[in-house]
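Going left to right, the sequence shown walks through residues 0 to 86 as numbering that gives the first Met the number 0 numbers them.
Glycine included, C-beta positions come from ideal geometry on N, C-alpha and C.
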Amino acid sequence: MMLEQLKEYLRIDGSEDDVILTLLLDAAIEFLVKAGVPETESNLYKLAVMLYVTLHYENRDPSQSIEKLNFAFQSIILQLKEWGEDE
């Protein structure tokens, strides 16, 4: 996944957060692999990566409630894992 796609999704114009976004992007891919989701070019996989990054980029305050976004992320992981097992 390209950093530019992620920045477009998050509506980020500048490059001042590129280092943290790259770190979160790599962490998202690693998280999904460890969760049993193989890396793919599917749109659902890309959305899962974007949601992971969004969860950790926009919600850096641990006291914030992010349950709805986290629920969406977990639902996509389950779908991707099921889809991966069908192949």
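{"Item": "Separation of A27 from L20, as counted between CA atoms", "Value": "10 Å"}
{"Item": "Beta carbon of V32 nearer than 7 Å to that of K80", "Value": "no"}
{"Item": "Own chain residues within Cβ distance below 7 Å of D17, not counting five before or after", "Value": "L2"}
{"Item": "Cα-Cα separation between K6 and Y44, rounded to whole angstroms", "Value": "17 Å"}
{"Item": "L22 versus L77 - alpha carbon distance", "Value": "24 Å"}
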